[in-house]
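Notes for the one structure printed next.
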Amino acid sequence: MPYHHGHQNHPSPSVLGYSLEQLFDVVAAVDFYHGFVPWCQRSEMLKHYPDGSFDAELEIGFKFLVESYVSHVELERPKRIKTTVSQSNLFDHLINIWEFSPGPVPGTCSLYFLVDFKFLSPLYR
1 MPYHHGHQNH
11 PSPSVLGYSL
21 EQLFDVVAAV
31 DFYHGFVPWC
41 QRSEMLKHYP
51 DGSFDAELEI
61 GFKFLVESYV
71 SHVELERPKR
81 IKTTVSQSNL
91 FDHLINIWEF
101 SPGPVPGTCS
111 LYFLVDFKFL
121 SPLYR
């Protein structure tokens, strides 16, 4: 895991047993994250834009630490999803990129996932 001056970057390529469309739909369903994403306690769509993008608020928590932030989510169905934090007291920056491509056999897809973030507070670093 590269780590430079409080800046973290985690690329991760994988092949999964789901079609591009299936995996894209799961990742794009931000309003359901609270049901399956670790530490996500609340997830809510806030605003939809004409280009298909949207803003979503996520509340994450672990024990006594609970923080929320707003991300702008851009969708390029079924190939790519990018989220960029737009309002946060937790992150200096946070970018998530999911890129989907056909897998080596039918019904699979290759997923490239990148999360690039830096916390505002030294407490979390």
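In full-length UniProt numbering, the protein residues as written are 1 to 125.
Beta carbons: idealized from backbone N, C-alpha and C, even for Gly.
By the C-beta density criterion, E76 is exposed, having fewer than 16 other C-beta atoms within 10 angstroms.
A direct Cα-Cα distance of roughly 13 Å separates Q41 from A56.
Between L120 and L90, the C-beta spacing is below 8 Å. With contacts defined as CB atoms closer than 8 Å, V73 and T83 qualify as a contacting pair. Pairing F100 with L20 gives a Cβ-Cβ distance under 8 Å. Linking P104 to F64 through their CA atoms gives a straight-line distance of about 44 Å.
Look at G61 here: in three-state DSSP terms it is strand. In terms of Cα proximity to S43, the closest of P13, S86, F54, V30 is V30. In this model, V66 and L58 are separated by some 10 Å (Cα to Cα).
Note on geometry: alpha-carbon atoms of P78 and D25 lie some 8 Å from one another.
Taking the Cβ atoms as the reference, L16 lies roughly 6 Å from L111, within the contact range of under 8 Å.
With 16 or more other Cβ atoms inside 10 Å of its own Cβ, Y33 counts as buried.
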